[in-house]
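Asker: So for the sequence shown, my numbering puts the first residue at 67; every next one is plus one. No residue lacks a Cβ here, since even glycine has one placed at the ideal position from N, Cα and C. Note that the coordinates shown come from a computational prediction; the quantities given were computed from them, not determined experimentally. For reference, the structure I am asking about is given below.
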Amino acid sequence: MNSIKKQLKELEKKLKKADGYASFNELFNKDFMRKYTDFSSIEEFFKFGGFEVNTQEDYNNLSQEELDKVVREKTKFKTWEEMLHCAGKEEMVRRLRKQGFEVK
């Protein structure tokens, strides 16, 4: 029984290390951008679209329609939300693998 408790504690520690916060550069790393977009960085993507994103407020004020338009034209996604979701999923899988989990 102690072995199971110990394993659960270890699992809890690993999951905490793979928390849900990620910066744009972590989410939209070079590998992700090259695989799914015509750009090598999220900064390049924003610059191409004429978007200035330096703060959370800048991001919150982006035109969803304009963002989706650039996403449709220059990525393998149809919407920004779809691109963001995929990036988040890939980052979480990367973090879990880094903690020793086998994730497909």
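With which residues is T121 paired in a DSSP beta bridge?
Answerer: Answer is none; T121 lacks a bridge partner.
Asker: Could you tell me the distance, in whole angstroms, from the CA atom of K170 to the CA atom of T121?
Answerer: Near 34 Å, if we compare the C-alpha coordinates of T121 and K170.
Asker: Distance, Cα to Cα, M149 vs E168?
Answerer: If you take the alpha carbons of M149 and E168, they lie about 24 Å apart.
Asker: Check this for me: beta carbons of F105 and F98, under 8 Å apart or not?
Answerer: Taking 8 Å as the Cβ cut-off, F105 and F98 do not qualify as a contacting pair.
Asker: Given this structure, state the Cα-to-Cα distance separating L162 from Y125, to the nearest angstrom.
Answerer: Straight-line Cα distance between these residues: approximately 27 Å.
Asker: What residue does the alpha helix (DSSP H) around F98 start on, and which one ends it?
Answerer: Per DSSP, F98 belongs to the alpha helix (DSSP H) from 96–102.
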